[in-house]
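See below for the structure under consideration.
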Amino acid sequence: MVAGESSPPSNTLATKGVECPGYGPRFRWTNAIAVRGRFKGRGAPDVQNTQSLNLDARPLQRVNDEAICTPNYQFGLALAQQLPPSTAQRLLEYYAANIAPLMVWLDSDKNEYKRLVIPLAEKDVILRLALLTISAEHMQDEDSLPPGFSHSTGEAAILMITERVRQMTERNVDDPQIDVNGGVTANVLAAMLILSNHSLVKSELSHAQSHRQAARILMNSLALKRPPDDDLTIFLKNQLAIYDVLCCTTLFNYEHVQHAILPHLSQPDVPFGDFLKILHQITVTSFHSAKHARQVENLEAEFKLASGSTLLAAGTLTQTLTALHRRDFIRLVQAYHHAGILYALTRLSTSSENDGERQMVLHTDELFKVLDQFEDMNEALHNLAWPLFIAGTSCRGDENRMGFISGICQRLSANTRFEHYTNISIFLQELWQSSNSDWTLLARQWEQKGTPIIAV
0 MVAGESSPPS NTLATKGVEC PGYGPRFRWT NAIAVRGRFK GRGAPDVQNT QSLNLDARPL
60 QRVNDEAICT PNYQFGLALA QQLPPSTAQR LLEYYAANIA PLMVWLDSDK NEYKRLVIPL
120 AEKDVILRLA LLTISAEHMQ DEDSLPPGFS HSTGEAAILM ITERVRQMTE RNVDDPQIDV
180 NGGVTANVLA AMLILSNHSL VKSELSHAQS HRQAARILMN SLALKRPPDD DLTIFLKNQL
240 AIYDVLCCTT LFNYEHVQHA ILPHLSQPDV PFGDFLKILH QITVTSFHSA KHARQVENLE
300 AEFKLASGST LLAAGTLTQT LTALHRRDFI RLVQAYHHAG ILYALTRLST SSENDGERQM
360 VLHTDELFKV LDQFEDMNEA LHNLAWPLFI AGTSCRGDEN RMGFISGICQ RLSANTRFEH
420 YTNISIFLQE LWQSSNSDWT LLARQWEQKG TPIIAV
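Its first residue numbered 0, the sequence shown is counted upward by one per residue in numbering that gives the first Met the number 0.
This is the structure:
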């Protein structure tokens, strides 16, 4: 149901309590039936059709020993099946070496993508397809892959996830074939996050948002039945929280924003967990008319405590770093601290005009000072997208700082090979040339056009 073709969200639908589907991807997750695009009207796949799949030297095990291959999946699966084992292994090794390190605050041997997710892909068809999909897209000059490999395997993975979710939601939580804590759930969550990142590689923002929303819905629905208690599912929830909370800082649909996944803080080793919780409180509060609940001084104290908790949580991981990279991690924490306060000042307007202006200048200066002090910027660059975005929104009119931010944003996209980062630079250029310095107004316009700014 689409109420109009002008600009989402639709007030007509809102009055009926229905969320407008907007201009998202060609299909969405809904009990395995696509509602838009070339898959429109296709029903849930027939799980009785069987087909074996070999992606490595040994056959992949199918979850619950159920065959989930149907004609809808077969083309993408066939491409994967025909890969030589050495090529499939090279793609998995590429993910471990070049993509997994970009997904975490601190890379180490304890990186759960390397330690837990990749080994799970040895047993799970969907997760393995997701890993092959993003590696094939991210890897440059891979001539051994057939044309359209990444697109086809990605679509196959999406359809298979849809069927897997249908099975999970239709069965009782106590059904032994559906392992809510880990197992099936963790595989699906990991695949959703990987496919969302795959969309960001190509800057397909609506697809990335769809995968993020699907992961959020799955996480929330399963948490209502049984809270996650295994290490991998908790890790994936925290990964989704980073993505969800930071994405919501540049989104303005309150119904969507208020339901963001928050970090799982029952464990002490969650870097930036407290920071993300405070940040999301600021985002949600900004939608309310009474925004004066907390003054800047109180927020600054909270952010300082959050910085301390991050340094403590990352303690064991930083022990493996060189002295230089330990110093740069401290600078990363400081960058988020100052960016968080600048974000609060913009969204909450909690201080008097003069005091707010003074605070903006102070923390903008501190943020740029920290950014300039990084000794190995390239190593930390993938974690700096959000502070760089906030820095860019705070330096309008300063030619030197605007040039500095533009240069780093170009490096960010080139170094990580994630095309969506180019939108940060484009957005900032448009903001700097605008007559209005309020970046939230421009961000709303971008969101309404279906190209939300994603600084993650």
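Ideal Cβ placement from N, Cα and C applies to all residues, glycine included.
| request: Spatial neighbours of L347 within its chain, please: CB distance less than 7 angstroms, with the 5 preceding and 5 following residues excluded, ordered by chain position. | output: The residues are I281, T284, S285 and K290.
| query | Between R165 and S149, what straight-line distance do the alpha-carbon atoms span, to the nearest angstrom? | reply | Rounded to the nearest angstrom, the two C-alpha atoms are 24 angstroms apart.
| field | DSSP three-state assignment for V460, whether helix, strand or coil | value | For the chain, the structure presents residues 0 to 455; residue 460 sits outside this window and is missing.
| said: Buried or exposed, going by whether 16 or more other CB atoms sit within 10 Å of the CB of N186? | reply: It is buried - the Cβ of N186 has at least 16 other Cβ atoms within 10 Å.
| Are there three or more Cβ pairs, one per stretch, closer than 8 angstroms when the region 216 to 231 is compared with the region 187 to 197? | Touching, yes, given that three or more Cβ pairs across the two stretches are closer than 8 angstroms.
| task | Determine the direct distance from the alpha carbon of A300 to that of T132, and round the result to whole angstroms. | result | So the two alpha carbons sit approximately 44 angstroms from each other.
| From what residue to what residue does the alpha helix (DSSP H) around C408 run? | E398 to T415 is the span of the alpha helix (DSSP H), which, as asked, contains C408.
| message | Quick check: what's the CA-CA separation for K122 versus G75? | response | One C-alpha to the other measures close to 18 angstroms.
| field | Whole-angstrom distance between A259 and F367, CA atom to CA atom | value | Within the model, the alpha-carbon separation for F367 versus A259 is close to 29 angstroms.
| said: Residues in the same chain with beta-carbon distance under 6 angstroms from A129, minus the five sequence neighbours each way, listed in chain order, please. | reply: A156, A190, I193 and L194.
| request: Would you identify the three-state DSSP class for S348, choosing helix, strand or coil? | output: When DSSP states are grouped into helix, strand and coil, S348 belongs to the coil group.
| query | What is the rounded straight-line gap between the Cα of K276 and the Cα of A305? | reply | Straight through space, the alpha carbons of A305 and K276 are spaced by roughly 9 angstroms.
| field | Span separating the alpha-carbon of S436 from that of K109 | value | Cα-Cα distance, rounded: 43 angstroms.
| query | What are the start and end residues of each continuous alpha helix (DSSP H) run of 4 or more residues lying completely inside the region 75 to 153, in chain order? | reply | Under the rule that a run must span 4 or more residues, the alpha helix (DSSP H) segments found entirely inside the region 75 to 153 read 84 to 93, 117 to 120 and 124 to 137.
| Element boundaries [alpha helix (DSSP H), containing H197] | Looking at the DSSP string, the run of the alpha helix (DSSP H) that includes H197 is V183 to V200.
| Can you give the beta carbon distance from Q358 to L370, rounded, assuming they're within the 8 angstroms contact cut? | About 18 angstroms separates the two Cβ atoms, so there is no contact after all.
| field | Residue burial classification, A413 (beta-carbon count within 10 angstroms, cutoff 16) | value | Looking at its Cβ environment, which holds fewer than 16 other Cβ atoms inside 10 Å, A413 is exposed.
| field | In chain order, each alpha helix (DSSP H) run of at least 4 residues that lies wholly inside the region 263 to 314 | value | The region 263 to 314 is shown to contain whole alpha helix (DSSP H) runs of 4 or more residues at 272 to 284 and 295 to 312, in chain order.
| message | For A384 and P83, what's the separation of their Cα atoms in angstroms? | response | If you take the alpha carbons of A384 and P83, they lie about 37 angstroms apart.
| What residue from F274, E296 and D228 has the CA that sits closest to V244's CA? | Of all alpha-carbon atoms in F274, E296 and D228, the one lying nearest the alpha-carbon of V244 is that of F274.
| request: Quick one: residues in its chain with C-beta nearer than 7 angstroms to the C-beta of Q257, no 5 flanking neighbours on either side, listed in chain order? | output: Correct list, in chain order: V283.
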